[in-house]
Amino acid sequence: MLLPAGSNLAAAEESIELKRAHGCDSSLLSIDNVRERFPELQHFPLPYAGALYAPGDEVGDARIFAHELTCWLEQNRGLEWQGGVTVDELDVRRGVVRGVKSSAGDIAADAVLVCLGVESCKVLRPVGVAAPIYPLRGYSVTLPAGPATPSVSVTDMQRRIVFSKMNGHVRIAGLADFVGDDHARDASRIKSLLETARAIAPDYAEYRAADSAPWAGDRPMTPNSRPLVGATKVAGLYLNCGHGMLGWTLAAATGKQAAAAITRGH
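Structure representation (structure tokens):
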């Protein structure tokens, strides 16, 4: 993570100590250390105070992970997965959840876990459960790697843009738009992201490649950026939503918390 000139390095040191206390190896590098260790970063145009470096950080494809995990759970844990099904509403009677009404019919359940991202509010509001979640749209584009792709993921805090190397490609992500219920993808925002990336890292990716993969998605943000996990006032109804841009990062931990809440019954 590149820190722009003028950054509060004392605060950065405090964050490092907090991470180390929880088992995450991290260190503060001077700009000279950064250039010596990662020469491909020396062409970033703006001056930087230094960088936060976490050697244990890794990159993966969340879609592939989710698919493989689903297959494993089906084969080893008896998971019954129904794809292409729309949840229309929760079946709540006398303050107790009884299941869900879906496009595939009614599904009875003793417990229901809502993890619908920005759509969570639509099923929770009718049963009187408040979920302060608002969509914040982010964008990414995946391109073939260029001649000087960095060996590590790079976050430019000045421009709020991230470069990640993935299987011979580079995924460039960034931007944050308040879009409400507008689901249309704005091509101009992808163009803006690419222009910014090309300006600061022209050799990181093949920007003119025909096989680019643009993407836009709505991050389920809460006012304090913390996910909503646990029981609700409706008996048998639980939440695991509002993870913002850290859905995969927090998935295992919040999944464990949600499972514990369901097991305890509160």
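Quick note on the numbering used here: the sequence shown kicks off at 177 and runs consecutively.
Where a beta carbon is used, it is the ideal one built from N, C-alpha and C, also for glycine.
Within the same chain, Cβ atoms closer than 7 angstroms to the Cβ of valine 299 are found at Val263, Glu265, Leu266, Val290 and Leu292, the five residues on either side in sequence being excluded. In the three-state scheme derived from DSSP, where H, G and I count as helix and E and B as strand, alanine 436 is classed as helix. Annotation for alanine 392: the continuous beta strand (DSSP E) segment containing it runs 389 to 397.
One Cα belongs to proline 399, the other to isoleucine 309, and the distance between them is close to 8 angstroms. Distances from the alpha-carbon of alanine 238 to those of Lys432, Val305, Glu250 and Met421 put Met421 closest. Under the DSSP assignment, glutamate 190 falls outside any beta strand (DSSP E), being part of the alpha helix (DSSP H) whose first and last residues are 185 to 197.
Closest in alpha carbon position to aspartate 332, among Ala381, Phe354 and Ala377, is Ala377. When DSSP states are grouped into helix, strand and coil, histidine 243 belongs to the helix group. The Cβ atoms of glycine 322 and tyrosine 383 sit closer than 9 angstroms to each other. The C-beta of valine 294 has 16 or more other C-beta atoms within 10 Å across all chains shown, which makes the residue buried.
The Cβ atoms of valine 317 and arginine 336 do not sit closer than 9 angstroms to each other. Ranked by Cα distance from leucine 319, the options Asn184, Ala435, Ala436 and Asn343 are led by Asn343.
For threonine 331, the enclosing beta strand (DSSP E) covers residues 330 to 332. When C-beta atoms of the stretch 211 to 218 are compared with those of the stretch 248 to 255, fewer than three pairs fall below 8 angstroms, so the two segments do not count as touching. Under DSSP, the beta-bridge partners assigned to isoleucine 337 are Asp332 and Gly350. Between the stretch 274 to 288 and the stretch 231 to 251, the count of C-beta pairs closer than 8 angstroms stays below three; the two stretches do not touch. DSSP, read as helix, strand or coil, puts glycine 226 in strand. Distance from the CA atom of glutamine 334 to the CA atom of alanine 324, rounded to whole angstroms, is 21 angstroms.
A residue is called buried when at least 16 other Cβ atoms come within 10 angstroms of its Cβ; valine 261 does not meet this threshold and is exposed. For arginine 270, no beta strand (DSSP E) encloses it, and the DSSP letter there is neither H nor E. Remark: C-beta atoms of valine 273 and valine 410 approach each other more closely than 9 angstroms. Secondary structure at asparagine 252: helix, using DSSP grouped into helix, strand and coil.
Ranked by how close their Cα comes to the Cα of alanine 436, the residues Val405, His419, Gly423 and Gly418 have Val405 in first place. Residue pairing of isoleucine 283 in beta bridges, as defined by DSSP: Val276. Straight through space, the alpha carbons of proline 326 and histidine 198 are spaced by roughly 27 angstroms. Around the C-beta of leucine 217, 16 or more other C-beta atoms lie within 10 Å, and the residue is accordingly described as buried.
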